[in-house]
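Residue numbers (the working numbering): -7 to 153. I have placed the structure first, in the form of structure tokens, so that the comments after it can refer back to it.
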Amino acid sequence: MTDLTPDPAPVRYAGIVTRTVAFGVDALVVDGIAIILGGVVTLVASVFGHQGQISLVGAVFGAAAWIVWGGVYFVTFWMLTGQTPGGRMLGIRVTGEAGGRLGLMQAVRRVIGLTLALLPLGAGFLPILTDERRRGFHDRFAHTVVRWVDDDDTRRTRRQR
């Protein structure tokens, strides 16, 4: 008697080009929201007589707020659905190595790893080109992978809501 159950489809991991484009879309979203919020703050400040000059403290505060905002953006989307808007647009999802959703600490570790991967002129992303599961430094650091979303994944996510 033969077994007629189909073999599960192999997991397909997203490569460096797709991931870079998704990150670019997310950078546009993060920066766009930061610019709009900065404009609103400037407008409100002008109503109260602010002349438009930014002090060193104000610039440092603004930079820190932008960094925190970017981190919160990625951590939130990776924890909730595994997909940022850029990842959803390109059909990729960040999961744990075993395929589950990311927890808070795992998502935070991935953001930290992403920052560290950028520091040496982006050298932390080069392993994506050679790793069999296409993992960069940040993926290894946080024990994550980036997979292509298939129809079963989409249906399963909708049922969990």
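Glycine included, C-beta positions come from ideal geometry on N, C-alpha and C.
DSSP, reduced to helix, strand and coil, places Val86 within a strand of the structure shown. Annotated three-state conformation of Arg139 is strand, per DSSP. Inter-residue distance for Leu29 and Trp61 is about 11 Å (C-alpha atoms, whole angstroms).
Residue Ala55 holds the alpha-carbon nearest to the alpha-carbon of Ala26 among Ala55, Ala1 and Val39. In this structure Gly91 is exposed. Its beta-carbon is surrounded by fewer than 16 other beta-carbon atoms within 10 angstroms. Counting only residues of its own chain and dropping the five nearest sequence neighbours on each side, Asp18 has a CB closer than 8 Å to the CB of Tyr65, Phe66, Thr76, Pro77, Gly78 and Gly79.
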